[in-house]
Amino acid sequence: MKKLNETQLQELEQDLNAIRDEVLADLGERDARYIRRVIRLHRTLEIGGRVMMPFGFIPPVFVAATASLGVAKILENMEIGHNVMHGQYDWMNDPNLHSQTYEWDTACTAESWRRTHNYEHHTYTNVIGKDRDYGYAVLRLSDEDEWKPWHSLQFINYILLSVLFQWGVGLHELESEKLRRREIRWRDKLPFLKDFARKGGRQAFKDYVFFPLLTLPVAPIVLAGNIGANLIRNLWSSTVIFCGHFTQDAETFSEAECEGENKGHWYLRQLTGSSNFTGGRWLHILSGHLSYQIEHHVFPDLPAHRYPEISEKVQAVCRKHDIPYNTGSFARQYGTVLNRIFRYSLPDRVRTRLEGGSAPQAI
Amino acid sequence: MLARLTQSKTMHWLGRQLSNQDNPESWLDPVLAKINPMWVQAYTPARVEQVIQETTDTLTFLIRPARRWTGFRAGQHVNICTEIDGIRRNRTFSLSSSPLLWESQGLVTLTIKRLPGGLVTNWLHDQVEPGQVIGLGEAFGEFLIPEPAQPVLFIAGGSGITPVVSQLETMAAQDYPAPVTLLYFVRTHRDVIAGEKLRALASRHSALTVQVIATNESEEPRFLRGGDLDEIADLKSREVYLCGPKGLMDLAGDLLHQRGVTDDRIHSTFFAPPAPARLEGDELGGEVTFAQSDVQVGSEGDANLLEIAEAAGLKPQYGCRMGICHQCSCRKTSGTVINRLTGQVSGPGEENVQLCISVPRGPVSVDV
Chain U
1 MKKLNETQLQ ELEQDLNAIR DEVLADLGER DARYIRRVIR LHRTLEIGGR
51 VMMPFGFIPP VFVAATASLG VAKILENMEI GHNVMHGQYD WMNDPNLHSQ
101 TYEWDTACTA ESWRRTHNYE HHTYTNVIGK DRDYGYAVLR LSDEDEWKPW
151 HSLQFINYIL LSVLFQWGVG LHELESEKLR RREIRWRDKL PFLKDFARKG
201 GRQAFKDYVF FPLLTLPVAP IVLAGNIGAN LIRNLWSSTV IFCGHFTQDA
251 ETFSEAECEG ENKGHWYLRQ LTGSSNFTGG RWLHILSGHL SYQIEHHVFP
301 DLPAHRYPEI SEKVQAVCRK HDIPYNTGSF ARQYGTVLNR IFRYSLPDRV
351 RTRLEGGSAP QAI
Chain H
1 MLARLTQSKT MHWLGRQLSN QDNPESWLDP VLAKINPMWV QAYTPARVEQ
51 VIQETTDTLT FLIRPARRWT GFRAGQHVNI CTEIDGIRRN RTFSLSSSPL
101 LWESQGLVTL TIKRLPGGLV TNWLHDQVEP GQVIGLGEAF GEFLIPEPAQ
151 PVLFIAGGSG ITPVVSQLET MAAQDYPAPV TLLYFVRTHR DVIAGEKLRA
201 LASRHSALTV QVIATNESEE PRFLRGGDLD EIADLKSREV YLCGPKGLMD
251 LAGDLLHQRG VTDDRIHSTF FAPPAPARLE GDELGGEVTF AQSDVQVGSE
301 GDANLLEIAE AAGLKPQYGC RMGICHQCSC RKTSGTVINR LTGQVSGPGE
351 ENVQLCISVP RGPVSVDV
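Quick mapping for you: the protein sequence lines, in order, are chains U and H. Heads up: the first sequence is residues 1 to 363, going by the UniProt record's numbering. Heads up: the second sequence is residues 1 to 368, going by the UniProt record's numbering.
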């Protein structure tokens, strides 16, 4: 990890605070208009998808309906839900866009998400052992995790996780790895499981029971389309999220490094532990602007559509402090993620030989 | 429409399953607002029909709420909600028309004075034009005409007259059988709100006596005095209604007590413009009410709401404790807080705050 002394950290903090303050002072109608426009698009796509789905016996209509509903779910999860729950729009004082009451269109409850993602992941970003998002407790992505034989099959785990992503995210807080190690008891997780069953049940009821039954004669088509839409969302969101912290140059940290850290150090960790990808405007919107993962991690509660506007300034701060700014094309970044998942599935001996070094390489 | 439909329990339940929102009727609002703002379901939309100049700094807005609005009783208030520069603002105003106007023509009026520095009143005065739509909540308040009829004394000051106008008009329409007296205090006669209407009511309704008193037209300020009350026949048997600035309300309360009027006969509705924003260290702190936990504690200095809550033994949800994660965001129902990070001073009304960076300035009430 790039080291800065106290004075430098303080200066980094001030530089980034200045960018943040400038945006905060400028928040207003433009941001409200933006998020409402995205919401209108989401509502239109969702209603469009649901209405077209029963006519899915015509193949092109089936494709259009499934794509429409899938994209609706992507927009809702990525650009609306995730960002609203970060408190990006709390200042609007609109009860329907409030971080603490918003509920999103996925199996994970908003409450569990706010705990595991907003608090744990965003506070302890990439700290191995504390950030459970690092590998989601099913993947080994760093040599600070000891290699076990079952890791060699982790590519299959990765594919399963991607396909069933909403259920994986929903069950993240179960902390199955701690249950396995008997650090916690099932009994402790009962309240969580109850909430998960309620929300997961609601999602399954909606997509796999209610809408198919509503259009009974074509129920199998509607069911298939709804499964397809959920699958599209699962694969896309998993892919985007994996590009945020698991790319080749995204750094990881030890608990010792972060003990008693100040805001400047937290900023530094967010900058070096996250990675962006480039692309067109729609790629950014469909990723919920997580394509600007670095900006998002530095300013998680600024409206995400502002990230492209402040990116230049954040890069300038990085250059000034000689901090790497990790970005690249979507394909390149995702390539390095797949590479990392594959490399760390191998025993260290094999991996280091493959990497052409004799000693374990620092990531 | 949707708001009505989801009143049925089954439909509301189904709406929640499908939309993931606690108030599913407003799920489509962003789309509806674009097509026709009168279709919005989150609140009752009301179209501004006419804006009438009362005095130099007071306007009356004649508005037509959507028909699903449930109406009101004379003397009640209503929350209006507007969006100013992307931020939803809720403020309470008295309804100044009689419920008869709503029942017969579907119209109501709000009479609103421009407050110096006031965000919402200035916006209403400067930006709102006929045709625009504002949001309305349901009417509330216990400032109501006595039933059965009893002698009544109104003491109103400045724009505190607005709920009284609604009551007087209602009383005139039902030919209220007991004597009614209004003492109306204004700075100068130019500041009289609804002057013509008051004169017309007094001439139409024989039981009504109206006395307008200008406080600032003589060299010595002419405030409410004992003599004003002594002239009122059988004062002790009257139901007394107070509405105006705090100074007038306090003074009236004292003078009435001295004359043996008991508290159960005095009805007041609080009315005071918010204090202008200033940021000084010694003004920080204040009485904090955690409404859901039914806990009230004092605070001093720059202790934030999260620390104050925890010191009082409460455990509100929290996360990073440095203003990043919004885990501790909750609803402030009244009072002013200062954002510890930005030094920004909040408005006095209902809004969301992050507990861990909000320092109370004066009494604050939050939903914790």
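Where is the CB? At the ideal position from N, CA and C, for every residue including glycine. Treat the numbers as computed from the prediction; the structure is a model and nothing was measured.
Just to check my reading of the structure: threonine 247 (chain U) and valine 337 (chain U) have Cβ atoms closer than 8 Å, yes? What is that Cβ distance to the nearest angstrom? Position 247 of the first sequence, counted from the start, is the residue given in the question as residue 247 (chain U). Position 337 of the first sequence, counted from the start, is the residue given in the question as residue 337 (chain U). That pair is a contact at about 6 Å.
Within 6 Å: the Cβ of glycine 75 (chain H) and any heavy atom of the ligand PLP? Among the components modelled here there is no ligand, and therefore nothing to report on the ligand PLP.
Between which residues of its own chain and aspartate 15 (chain U) is the CB-CB distance below 6 Å, once the five residues before and five after are set aside? Residue mapping note: residue 15 (chain U) aligns to position 15 of the first sequence, counting from 1. Cβ contact annotation for aspartate 15 (chain U) (same chain, cutoff 6 Å, sequence separation greater than five): Val317, in chain order.
Could you tell me whether the Cβ of aspartate 105 (chain U) comes closer than 7 Å to any Cβ of chain H? Sequence index remark: in the first sequence, residue 105 (chain U) carries index 105 (1-based). Output row for aspartate 105 (chain U): interface = yes.
Please give the ranges of any alpha helix (DSSP H) in the stretch 115-173 of chain U, keeping only runs that are unbroken, at least 4 residues long and fully inside the region. Segments of the alpha helix (DSSP H) lying fully in the stretch 115-173 of chain U: 154-163, 165-170.
Which residues in the same chain have their Cβ closer than 6 Å to the Cβ of alanine 32 (chain U), if we skip the five residues on either side of it in sequence? Numbered from 1 along the first sequence, position 32 holds the residue referred to as residue 32 (chain U). Excluding positions up to five away in sequence, the list reads Met92.
Assigned exposure category for glycine 244 (chain H) - 16 Cβ within 10 Å defines buried: In the second sequence, counting from the first residue as 1, residue 244 (chain H) sits at position 244. Using a 10 angstroms sphere on the CB of glycine 244 (chain H), the tally of other CB atoms reaches 16 or more, which defines it as buried.
Using a beta-carbon distance below 7 Å, is glycine 335 (chain H) in contact with chain U? Locating residue 335 (chain H) in the second sequence gives position 335, where the first residue counts as 1. Closer than 7 Å: no.
With 16 other Cβ atoms within 10 Å as the buried cut-off, status of serine 104 (chain H): Counting from one through the second sequence, the residue named residue 104 (chain H) turns up at place 104. Counting C-beta atoms within 10 angstroms of its own C-beta, serine 104 (chain H) has fewer than 16 neighbours from the protein chains shown and is therefore classed as exposed.
At the 7 Å Cβ level, is proline 360 (chain U) part of the contact set with chain H, yes or no? As a first step, residue 360 (chain U) must be located in the first sequence, where it is residue number 360. Residue placement at proline 360 (chain U) is flagged as unreliable, the pLDDT there being 47, under the threshold of 50; the coordinate-derived value follows with that caveat. Cβ-Cβ to chain H under 7 Å: no for proline 360 (chain U).
Going by DSSP in three states, alanine 275 (chain H) sits in which element: helix, strand or coil? Within the second sequence, residue 275 (chain H) is the residue found at index 275, counting from 1. Model confidence at alanine 275 (chain H) stands at a pLDDT of 37, short of 50, so the residue's coordinates are unreliable and nothing is read from them.
For threonine 239 (chain U) and isoleucine 308 (chain H), the rounded distance between their alpha carbons: As a working mapping, residue 308 (chain H) is identified with position 308 in the second sequence. As a working mapping, residue 239 (chain U) is identified with position 239 in the first sequence. CA-CA distance, isoleucine 308 (chain H) to threonine 239 (chain U), rounds to 43 Å.
In angstroms, rounded to a whole number, what distance separates the CA positions of asparagine 230 (chain U) and alanine 65 (chain U)? For the purposes of this step, residue 230 (chain U) is taken as residue 230 along the first sequence, with counting starting at 1. For the purposes of this step, residue 65 (chain U) is taken as residue 65 along the first sequence, with counting starting at 1. Within the model, the alpha-carbon separation for asparagine 230 (chain U) versus alanine 65 (chain U) is close to 12 Å.
Excluding the 5 residues preceding and the 5 following proline 45 (chain H) in the sequence, name in chain order all residues of the same chain whose CB lies nearer than 7 Å to its CB. Stepping through the second sequence from its first residue, residue 45 (chain H) is reached at position 45. For proline 45 (chain H), where only same-chain residues beyond five positions count, the Cβ hits under 7 Å are Pro37, Met38, Ala66, Val133, Gly135.
Secondary structure of valine 364 (chain H), DSSP reduced to three states: Position 364 of the second sequence holds residue 364 (chain H). If DSSP states are grouped into helix, strand and coil, valine 364 (chain H) belongs with the strands.
Taking 7 Å as the threshold (beta carbon to beta carbon), is leucine 279 (chain H) in contact with chain U? Within the second sequence, residue 279 (chain H) is the residue found at index 279, counting from 1. The predicted model places leucine 279 (chain H) with a pLDDT of 45, which falls under 50 and marks its position as unreliable; any figure quoted below should be read in that light. By this cut-off, leucine 279 (chain H) is not an interface position.
What does threonine 123 (chain U) touch in chain H if you count any residue whose Cβ is under 8 Å from its own? Here residue 123 (chain U) corresponds to residue number 123 of the first sequence, with the count starting at 1. Listed by position along chain H, the residues whose Cβ is nearer than 8 Å to that of threonine 123 (chain U) are Gly319, Cys320, Ile324, Cys325.
The stretch 211-218 of chain H contacting the stretch 180-196 of chain H, beta-carbon criterion three pairs below 8 Å: Touching, yes.
What is the residue span of the alpha helix (DSSP H) that threonine 10 (chain H) lies within? In the second sequence, counting from the first residue as 1, residue 10 (chain H) sits at position 10. Boundaries of the alpha helix (DSSP H) around threonine 10 (chain H): 9-19.
Could you work out which residues of chain H lie near arginine 114 (chain U), taking near to mean beta carbons separated by less than 9 Å? As a working mapping, residue 114 (chain U) is identified with position 114 in the first sequence. When 9 Å is used as the limit between beta carbons, arginine 114 (chain U) is near these residues of chain H: Gln317, Gly319, Cys325, His326, Gln327, in chain order.
Residue closest to leucine 107 (chain H), alpha-carbon to alpha-carbon, out of H:Arg114, H:Pro116, H:Leu115, H:Ser97: Within the second sequence, the letter at position 107 stands for residue 107 (chain H). Ranking H:Arg114, H:Pro116, H:Leu115, H:Ser97 by Cα distance to leucine 107 (chain H) puts H:Ser97 first.
Assuming alanine 202 (chain H) and tyrosine 176 (chain H) are in contact, meaning their beta carbons sit under 8 Å apart, how far apart are those beta carbons, in whole angstroms? Within the second sequence, numbered from 1, the residue matching residue 202 (chain H) stands at position 202. Within the second sequence, numbered from 1, the residue matching residue 176 (chain H) stands at position 176. That pair is no contact at about 13 Å.
Sufficient close CB pairs (3 or more, under 8 Å) joining the stretch 53-72 of chain U to the stretch 45-56 of chain H: With a cut-off of 8 Å, the stretch 45-56 of chain H and the stretch 53-72 of chain U do not count as touching, because too few Cβ pairs lie within range.
Classify alanine 67 (chain U) as helix, strand or coil using the three-state DSSP reduction. For the purposes of this step, residue 67 (chain U) is taken as the residue at position 67 of the first sequence. Here alanine 67 (chain U) carries a helix assignment [DSSP, helix/strand/coil].
Between isoleucine 227 (chain U) and chain H, is there a C-beta pair that is closer than 7 Å? For the purposes of this step, residue 227 (chain U) is taken as the residue at position 227 of the first sequence. With 7 Å as the cut-off, isoleucine 227 (chain U) does not count as an interface residue toward chain H.
Can you list the alpha helix (DSSP H) stretches of 4 or more residues lying completely in the stretch 236-311 of chain H, in chain order? Listed in chain order, the alpha helix (DSSP H) runs fully inside the stretch 236-311 of chain H are 246-258, 305-311, counting runs of at least 4 residues.
Going along the chain, which residues of its own chain have a beta-carbon closer than 6 Å to the beta-carbon of proline 276 (chain H), five neighbours each way excluded? Taking the first residue of the second sequence as 1, we reach residue 276 (chain H) at position 276. Here proline 276 (chain H) scores only 33 on pLDDT, less than 50, and its place in the model is too uncertain to base an answer on.
Rounded C-beta distance between glycine 28 (chain U) and histidine 326 (chain H)? I'm assuming under 8 Å. Numbered from 1 along the first sequence, position 28 holds the residue referred to as residue 28 (chain U). Numbered from 1 along the second sequence, position 326 holds the residue referred to as residue 326 (chain H). Their Cβ separation, rounded to whole angstroms, is 19 Å, which puts glycine 28 (chain U) and histidine 326 (chain H) out of contact at 8 Å.
Between the stretch 87-104 of chain U and chain H, which residues of the former have a C-beta closer than 8 Å to a C-beta of the latter? For the stretch 87-104 of chain U, the beta-carbon criterion of a distance under 8 Å to any beta-carbon of chain H is satisfied by Gly87, Asp90, Trp91, Met92, Asn93, Asp94, Pro95, Asn96, His98, Ser99, Gln100, Thr101, Glu103, Trp104.
When burial is assigned at 16 or more other CB atoms within 10 Å of the CB, is glutamine 258 (chain H) buried or exposed? Position 258 of the second sequence holds residue 258 (chain H). It counts as exposed.
Check whether the Cβ atoms of cysteine 356 (chain H) and leucine 284 (chain H) sit closer than 7 Å, and answer yes or no. Position 356 of the second sequence, counting from 1, holds the residue named residue 356 (chain H). Position 284 of the second sequence, counting from 1, holds the residue named residue 284 (chain H). No, the pair does not count as a contact, with Cβ atoms beyond the cut-off.
Check this for me: beta carbons of valine 31 (chain H) and arginine 36 (chain U), under 7 Å apart or not? Counting from one through the second sequence, the residue named residue 31 (chain H) turns up at place 31. Counting from one through the first sequence, the residue named residue 36 (chain U) turns up at place 36. Here valine 31 (chain H) is not near arginine 36 (chain U), since their CB atoms are 7 Å or more apart.
For a quick check, are the C-beta atoms of tyrosine 288 (chain U) and glutamate 79 (chain U) less than 7 Å apart? Working through the first sequence from its first residue, we reach residue 288 (chain U) at position 288. Working through the first sequence from its first residue, we reach residue 79 (chain U) at position 79. As written in the sequence, residue 288 (chain U) is glycine, which differs from the tyrosine given in the question. Yes, these two residues count as a Cβ contact at 7 Å.
With a 10 Å radius around its C-beta and 16 neighbouring C-beta atoms as the bar for buried, classify proline 99 (chain H) as buried or exposed. Against the second sequence, residue 99 (chain H) aligns to sequence position 99. By the 10 Å Cβ count, proline 99 (chain H) comes out buried.
Please list, in chain order, the chain H residues whose beta carbon lies closer than 8 Å to that of aspartate 131 (chain U). Numbered from 1 along the first sequence, position 131 holds the residue referred to as residue 131 (chain U). Scanning chain H for C-beta atoms nearer than 8 Å to the C-beta of aspartate 131 (chain U) yields nothing, as the closest lies near 14 Å away.
Quick check for students: name the residue ranges of the alpha helix (DSSP H) that lie wholly in the stretch 256-343 of chain U, counting only runs of 4 or more. Counting only runs of 4 or more, we get 263-273, 281-286, 293-298, 307-320, 330-343.
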